[in-house]
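A quick write-up on the structure given underneath.
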Amino acid sequence: NTVLDDNKVLTLANGDRILMSGMMKAMFEPENLNNASPATVSRAGIIYVSDVELGWIPLSRSWIQTRREQEGSILQPLFEKYVDKLLWFVRLNCKPAMGGIPWEHVSRDFCYVTTMLVLLDSVLAKSVEVNEVLSEAHYERIVLYCCVWSIGGALELGDRRKFHDGMIELGTNFPEFGEDETVFEYRVNMETTEWEHWASLVPKWEYPVAEEKPKYAQLVIPTLDSVRYEFLLKLVAEVGKASLMVGGPGTAKTTTVDSFVRSFDPELMMSKSITFSSLTTPNIFQFSVEGSVEKRQGRTFGPPGGKKMTIFVDDISMPSMNDWGDQVTNEIVRQLLEQGGMYSLEKPIGDMKFVVDVQYIAAMNTPGGGKNDIPNRLKRHFCIFFTPLPAVAAINNIFGALMTGRFDAGTFDESVCESAQKLVPMTVEVWKKVQAKMLPTPAKFHYLFNMRELSRVFQGVVLAVRDRFSKDADPAVPFGGKVETPQGYLVGLWRHECERVFCDKLTTMEDKGWTVSLINSQIKENFGDEIYKQTSEPIYFVDFLREPVMDDDTGEVVDANPSNYESVESLDMLRVVVDGRQAQFNENSKTLKLELVLFEDALLHMTRISRVLSMDRGSALLVGVGG
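Under my numbering, the residues of the sequence shown are numbered 13 to 639, in order.
And the structure:
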């Protein structure tokens, strides 16, 4: 306040006082006056700029002025025909994933139109390059296509159907839609400028049959969604703009970006991934960026070797907010996007460092429900794409392809192959019902069941060694429990994985009992009484039953700890194995001796921990009362 009154003195935190000259003026451009005191407001002249005065039209007109006159004369009427009507339709009938207070509809419209213009820049550049002359119908298709993924790209699945219905009422330049298809299933082919189904870009995926234990985290099955979003990221990147992927946990945001980044030519493009947390500070982000660039000339910095670089900021909304509601860490991200540089924190302190040849992609969870949003001033620099949960049909296709590849007819009996296909809709049904029933509460805040839980069930099923229930399995080796057939073994394995993934997270016996009953009912409903009886008694799976592998010729140990995820015949047998390993450890250890009494609960807890640690990217959080 002393800066604004007649004293014109700026008092710093260290006590220094700086006198401002009569030629110095202060001008503030805040989004609101939430943190301004009455004393501050009274000392400043207030000019209110209404958020509805200008809207999106000046933005589109200034963009059209950068295009050829002939092209602009075609595009301007198309904007007037579609854009405003679609914006109003979304405003009145839909709920955007990043909507609501404090992100008012005008800010949202600005982001939609900015994204549309970026996509138009990229699509038109490619289309004109291939086709020297485009007809008005071609331009109309391109504008509609860009409207779909800018205005409609931030909607949930249910609202996308509404958007489709509203869009086809406005125009006729659309393909013939099949049953349950929407405008989101089609794109404009850059070469022909005709509508084309996205499915034409989905590559065929093959399971690595030769690998007994494939790296599960690296099994990325291309889907319609992943192909769409990779393509959109590419369109945005080609014109040097930034993209933001928004969606719930487990919707493949990070996987999609990783897949897009891996498509780069390493000779021309580098990549760097930065994951934000609630403790990420501006210094951490700035040092991370500065460590990835080198000085080129003067105050200009860029990636080493004259290459370009893509920086992926994951969980960009995670940094905590201060007492005034500011997300300080993201202000330096905004500065980097807006001004193309950062102020030096080393000598000479305060000089601007300009960072060139770097583009940005970010990902964040859908805001709301305790999850942070990002500042509007940062949001406006991104092309925003919302990644909804896949539809049930898409989930069945993803895991159906995985199970078909793993349980092939050449290795397994027909009954096992058919059972493997049945397990996919069964798992989805269990997941959906658990998700609907086991809702998070203050006492059970960890009751979150997203796509990752679904994936972990199949991870355990795929991990199980095939030689225990394949065509070549040794019939003399018992399956465990009451299981008598390979089909029963597979279903018992599935039951075990469902219990580990869903039941182990639950805190009350009532919740666990309900979930076990749900799993049992699915088995009985889909496989009948015989398989149900075989799996009525749980069988347990571990990966430490087998003895070290020795070389027959040299007698050397080839594999000291062979990890084979398989069933154990009984808990008594498991206790014998674990006691033997404990005795072996005590014999080899000179300092630490284990004196563990493994009662049944402790033994079962140990198998659960062992299962998690044996899996790719397996981490466990053990929660319980002390003692």
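We put the CB at the ideal spot given by N, CA and C, even for glycine. Only a predicted model underlies this, so the values are computations on that prediction, with no experimental measurement involved.
Helix, strand or coil, according to DSSP, for residue i in the structure here?
i	result
phenylalanine 424	coil
tryptophan 207	strand
phenylalanine 514	helix
glycine 259	strand
glycine 112	Because the pLDDT at glycine 112 is just 45, under 50, the model does not fix this residue reliably, and the value given afterwards should be weighed accordingly. In this structure, glycine 112 counts as coil in the three-state DSSP scheme.
leucine 31	strand
cysteine 106	coil
alanine 432	helix
threonine 453	coil
leucine 156	helix
asparagine 377	strand
glutamate 568	coil
alanine 264	coil
serine 74	helix
phenylalanine 611	coil
serine 482	coil
glutamate 65	coil
lysine 383	strand
glutamate 559	coil
tyrosine 459	coil
Can you tell me the Cα-Cα spacing of residue i and residue j, whole angstroms?
i	j	result
phenylalanine 324	glutamate 208	30 Å
alanine 448	serine 162	31 Å
glycine 472	arginine 620	12 Å
serine 529	glycine 260	29 Å
asparagine 408	threonine 378	24 Å
valine 15	alanine 375	40 Å
arginine 480	leucine 213	38 Å
arginine 103	serine 119	12 Å
proline 114	leucine 45	Confidence is the limiting factor: at proline 114 the pLDDT is only 40, short of 50, which leaves the residue's position unreliable and the question unanswerable from this model.
glycine 412	leucine 435	9 Å
glycine 112	alanine 229	With a pLDDT of only 45 at glycine 112, under the threshold of 50, the placement of this residue in the model should not be trusted; the figure read from the coordinates follows. Whole-angstrom Cα-Cα distance: 36 Å.
arginine 80	tryptophan 68	21 Å
serine 289	threonine 341	10 Å
phenylalanine 101	valine 239	27 Å
aspartate 96	proline 402	29 Å
serine 85	methionine 463	47 Å
Please say whether residue j and residue i have beta carbons closer to each other than 8 Å?
i	j	result
arginine 507	isoleucine 535	yes
arginine 308	aspartate 363	no
glutamate 250	serine 134	yes
glycine 653	glutamate 542	This structure gives no information on residue 653, because the portion of the chain shown stretches from 13 to 639.
lysine 138	methionine 36	no
aspartate 555	serine 626	yes
threonine 23	methionine 257	no
methionine 333	glutamine 298	no
phenylalanine 661	cysteine 106	Absent from the structure is residue 661, since the part of the chain shown begins at 13 and ends at 639.
leucine 414	tyrosine 219	yes
lysine 320	methionine 281	yes
valine 474	arginine 418	yes
proline 498	aspartate 425	yes
leucine 608	arginine 587	no
leucine 502	serine 579	no
serine 72	leucine 129	yes
glycine 381	phenylalanine 366	no
asparagine 19	threonine 52	no
tyrosine 94	leucine 156	yes
Which first and last residues belong to the beta strand (DSSP E) in which residue i is found?
i	result
methionine 364	364-367
threonine 399	394-399
glycine 353	353-355
At what residues does the alpha helix (DSSP H) containing residue i begin and finish?
i	result
serine 54	50-55
phenylalanine 299	294-302
threonine 23	That residue, threonine 23, is in no alpha helix (DSSP H); its beta strand (DSSP E) goes 21-23.
asparagine 143	First-last for asparagine 143: undefined, no H or E at that position.
phenylalanine 411	404-418
glutamine 339	Taken as a continuous stretch (DSSP letters only), glutamine 339 belongs to no alpha helix (DSSP H), as it is neither H nor E.
glutamate 595	Inspection of the sequence shows that residue 595 is occupied by alanine rather than by glutamate. That run of the alpha helix (DSSP H) goes 583-600.
isoleucine 543	521-546
leucine 466	463-475
lysine 37	Segment: none, lysine 37 is in no alpha helix (DSSP H) and carries neither H nor E.
glutamate 388	The displayed chain sequence assigns asparagine, not glutamate, to residue 388. Where asparagine 388 is concerned, the enclosing alpha helix (DSSP H) stretches over 388-391.
Can a CB atom of chain B be found closer than 8 Å to the CB of residue i?
i	result
arginine 120	The displayed structure is made up of one protein chain only, and chain B is not part of it.
| Length-filtered (3 minimum) beta strand (DSSP E) runs lying within the segment 162-235 | You should have 198-200, 207-209.
* Every unbroken beta strand (DSSP E) within the segment 267-332, with a cutoff of 3 residues, ordered by chain -> Fully enclosed beta strand (DSSP E) runs of 3 or longer: 281-287, 306-309, 312-314, 320-326.
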